[in-house]
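Chains as they are written, first to last, in this note's numbering: chain P, 2 to 262; chain V, 894 to 1213.
Just so it is clear, CB atoms sit at the ideal spot from N, CA and C, and this is done for glycine as well.
As structure tokens, the structure follows; a few thoughts come after it.
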Ligand SMILES: Nc1ncnc2c1ncn2[C@@H]1O[C@H](COP(=O)(O)OP(=O)(O)OP(=O)(O)O)[C@@H](O)[C@H]1O
Ligand SMILES: Nc1ncnc2c1ncn2[C@@H]1O[C@H](COP(=O)(O)OP(=O)(O)O)[C@@H](O)[C@H]1O
Ligand code: SF4
Ligand SMILES: [Mg+2]
Ligand SMILES: [Mg+2]
């Protein structure tokens, strides 16, 4: 048996839409519909699909930012929605997230070192001196210097800010990194640098990754496995080379064709 | 139609665009590529007479045979919307959040073409149909935030087309959109350019979109046009080390397929305006740099495909 880090079982998520008529019930949008998949330790799983297909909704549930309406999410065998607040806070050091817009996750008025130390402070286990040492360590791991920690976010380029966001995410030594469109806003040259960094960190730290992107070429270059979402449903899943090389569905074929141009 | 000669856009001693020359005729489709901060938007704004006041413009701009002062609102205003129109990089910035979509799109038709409200509505509905906007009558009455990213981008295209411009400049029109939507919008721009014999300038850092949509290409780095020529030929056989670097860094779906192999990269990032090297702007990041590159600016030489500016290239053949 492979070492299962994450198991997503029959997960759905519904959103109520605004009422359109007074006496009719509000319509409901199914953002994720009965999705199931596993993620093994050290593996990278890509999630692809058009805009609105449910990728970020799935990520929010895996991160326990939102509960699923049906199904369960098991992280290291524990149902993350059955934990109390304290247990969940402790478990959070094991899964971290990187977003598309690093500006959103970095406080413009705080030094970079302060922002990187934030997840560690939130868990509340490490002493300030320990945090300082760890911040310097992760800055170097992502190709910056300890001194860069004294600067503010606006002093960095988009690519460097994404490195800072990654430093912050790996600061708690997580087992799982969820990256939602983490390289989508970057120039190809910088994007290649960040993808290489993620591959290195993964090899060095044994990270597992859930890698969300609408760019199939990017997914192809970093993911071992891939799932294709359409309207909240998993249409196909499997080894990246296989799924993208011989897509079984017309929808996947159209995504692959768009990525080839 | 429009011609730039030795155009520079400067901020004090620093140049956001340096010595750019180009000429665009009806029906041309020109791609402009390069990393962000390389001067693509500034080049575009200078063709609209809209360079921000903080920067100085020098060189010549000729529009339909008339020399244009680089920044004289009264000279440019009558030409905007009709001679040239632009789709700006930030869709939300171009649409007033408090105004209905229909009112925004109809305004230039009423101002520049003098259409009545009824005629403007009719023309707007036609444009919405042409740009693939579904439920056009509903959209007229909606506000920008009620549309998805792809729909907003189509509205901006409709707005830019409102007065049938001879030249359409699209600045990163699909950067924020997913691959399928981006493909449809790129194809739409090409179709409109063909049908109307409209010249198209497509600015993008998506090399795939530029390859698909344009006939000629300009590659910009640090404010310089470093390579130019027919799009297909330049992308198949790039001569300039920067063009090669950009193409190499692009992940390729057919090669990668789950292999997790390092991608080639261009080391470092584009320096700020005031930190650019004086000679070849690409020195400091170039893998085939020579000792004199940082000091001496390379001249344009003819390559098999077009022109490029690099000390490695000798007149007539491409040294890489
Ligand atoms: N908080 C919410 N309230 C209502 N609807 C929502 C909410 N969040 C997401 N949705 C809807 O759920 C669907 C899936 O959205 P999601 O953000 O997961 O898409 P995505 O695949 O991440 O798309 P993108 O590529 O554009 O980021 C969409 O139709 C979206 O409008
Ligand atoms: N309003 C402005 N004032 C001063 N400098 C600017 C302004 N707008 C852009 N710049 C600078 O000009 C250079 C080129 O910018 P831009 O044309 O927007 O690049 P691109 O469109 O290729 O990303 C950059 O160094 C940028 O920081
Ligand atoms: S001139 Fe020199 S630094 Fe510039 S691109 Fe050519 S070899 Fe590289
Ligand atoms: Mg999303
Ligand atoms: Mg720009």
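Out of V/1084, V/937, V/992 and V/1159, which one is the CA nearest neighbour of residue 1032 of chain V?
With distances taken between Cα atoms, residue 1032 of chain V lies closest to V/992.
Just to confirm the assignment, what range does the alpha helix (DSSP H) spanning residue 1002 of chain V have?
Residue 1002 of chain V -> alpha helix (DSSP H) spans 994-1005.
Residue environment, residue 1022 of chain V, which counts as buried when at least 16 other CB atoms sit within 10 Å:
Under this definition residue 1022 of chain V is an exposed residue.
DSSP state of residue 203 of chain P, grouped into three classes?
DSSP places residue 203 of chain P in helix when its eight states are reduced to three.
Cβ of residue 1092 of chain V within 8 Å of any chain P Cβ
Taking Cβ atoms only, chain P never reaches closer than 8 Å to residue 1092 of chain V, which makes this a no.
Option in V/1175, V/1168, V/1179 and V/1172 with minimal Cα separation from residue 904 of chain V
The shortest C-alpha separation from residue 904 of chain V is found at V/1168.
DSSP state of residue 1107 of chain V mapped onto helix, strand, coil:
It is coil, neither helix nor strand.
Is the Cβ of residue 1074 of chain V closer than 8 Å to any Cβ of chain P?
True, the Cβ-Cβ gap to chain P drops below 8 Å.
Is residue 218 of chain P close to chain V, meaning its C-beta is less than 8 Å from at least one C-beta of that chain?
For residue 218 of chain P, the nearest CB of chain V lies under 8 Å from its own CB, placing it at the interface with that chain.
Take residue 18 of chain P as the anchor and find which of P/10, P/65, P/24 and P/28 has the nearest alpha-carbon.
It is P/28.
Can you give me, in chain order, the residues of the region 188-218 of chain P that have a beta carbon less than 7 Å from any beta carbon in chain V?
Listed by position, the residues of the region 188-218 of chain P near chain V (Cβ gap below 7 Å) are 188, 189, 190, 191, 193, 194, 196, 197, 200, 215, 216, 217 and 218.
Should residue 300 of chain P go down as buried or exposed, given a rule of 16 or more other Cβ atoms within 10 Å for buried?
Because chain P spans 2 through 262 in this model, residue 300 of chain P falls outside it and cannot be assessed.
Thinking just about the alpha-carbon of each residue, which of V/1105, V/1104, V/1136 and V/1102 is nearest to the one in residue 1232 of chain V?
Look at the range of chain V in this structure, 894 to 1213, and you will see that residue 1232 of chain V is not part of it.
By the three-class DSSP mapping on this structure, what secondary structure does residue 1210 of chain V have?
Caution is warranted here: a pLDDT of 45 is assigned to residue 1210 of chain V, below 50, making its placement in the model unreliable, and no coordinate value can be reported.
Closer than 7 Å: residue 929 of chain V CB and nearest ligand 5 heavy atom:
Yes - ligand 5 has a heavy atom lying nearer than 7 Å to the Cβ of residue 929 of chain V.
At a cut-off of 7 Å, would you count residue 1218 of chain V as near ligand 3, judging by its Cβ distance to the nearest heavy atom?
Absent from the model: residue 1218 of chain V. The displayed extent of chain V is 894 to 1213, so no value can be given.
Please return the same chain residues whose Cβ sits closer than 6 Å to the Cβ of residue 147 of chain P, not counting the five positions on each side in sequence.
Contacts found: 137 and 140.
Check whether the Cβ atoms of residue 257 of chain P and residue 241 of chain P lie closer than 8 Å to each other.
Contact flag unset, no.
Against residue 55 of chain P, what residues of chain V qualify as contacts under a CB-to-CB distance less than 8 Å, listed in chain order?
Chain-ordered listing is empty here: chain V has no CB closer than 8 Å to the CB of residue 55 of chain P, the nearest sitting near 13 Å.
Quick one: is residue 86 of chain P near chain V, going by C-beta distance under 8 Å?
Using a Cβ-Cβ cut-off of 8 Å, residue 86 of chain P does not count as an interface residue toward chain V, since no Cβ of chain V sits closer than that to its own.
Using the beta-carbon count (16 or more within 10 Å), is residue 959 of chain V buried or exposed?
With fewer than 16 other Cβ atoms within 10 Å, it is exposed.
Below 8 Å, how does it come out for the region 1079-1086 of chain V and the region 1161-1177 of chain V: are there three or more Cβ pairs, yes or no?
No: the two stretches stay apart, fewer than three of their Cβ pairs being nearer than 8 Å.
Count the CB pairs spanning the region 1008-1026 of chain V and the region 957-973 of chain V that are closer than 8 Å, and state whether there are at least three.
With contact defined as three or more Cβ pairs closer than 8 Å, the region 1008-1026 of chain V and the region 957-973 of chain V are not in contact.
Please confirm whether residue 928 of chain V has its beta-carbon closer than 8 Å to some beta-carbon of chain P.
Using a CB distance cut-off of 8 Å, residue 928 of chain V counts as an interface residue toward chain P.
Can you determine whether any heavy atom of ligand 3 sits closer than 7 Å to the C-beta of residue 194 of chain P, and answer yes or no?
Flag unset: Cβ of residue 194 of chain P not near ligand 3.
Quick one: which chain P residues come within Cβ less than 7 Å of residue 1162 of chain V?
Against chain P, a Cβ distance below 7 Å from residue 1162 of chain V picks out 158, 160 and 191.
Count the C-beta pairs between the region 165-177 of chain P and the region 194-209 of chain P that are closer than 8 Å, then say yes if the count reaches three, no if not.
Touching, per the Cβ criterion.
At what residue ranges does the region 906-973 of chain V contain a whole run of the beta strand (DSSP E), taking only runs of 3 or more?
Here the runs fully enclosed are 907-917, 922-926, 949-956 and 959-961.
Coil, strand or helix - residue 142 of chain P by DSSP:
Here DSSP, grouped into helix, strand and coil, assigns residue 142 of chain P to helix.
Cβ-Cβ separation, residue 1203 of chain V to residue 1191 of chain V (assumed contact under 8 Å), whole Å
Contact holds; Cβ gap of about 5 Å.
Can you give me the Cβ contacts of residue 100 of chain P inside the same chain, cut-off strictly under 6 Å, excluding the 5 residues immediately before and after it?
Hits under 6 Å: 106 and 181.
Leaving out five residues before and five after residue 95 of chain P in sequence, what residues of the same chain have Cβ atoms less than 6 Å from its Cβ?
These residues qualify, in order along the chain: 175 and 176.
Three or more C-beta pairs below 8 Å linking the region 1110-1125 of chain V and the region 919-931 of chain V
Of all C-beta pairs linking the region 1110-1125 of chain V to the region 919-931 of chain V, three or more are shorter than 8 Å, placing the two stretches in contact.
Which residues in chain P have a C-beta closer than 8 Å to the C-beta of residue 1139 of chain V? List them in chain order.
189 and 190, listed in chain order.
Going by DSSP, name the residue or residues bridged to residue 1088 of chain V.
Beta-bridge pairing links residue 1088 of chain V to no other residue.
CA-to-CA distance, residue 996 of chain V to residue 191 of chain P, given in whole angstroms
So the alpha carbons of these two residues sit roughly 40 Å apart.
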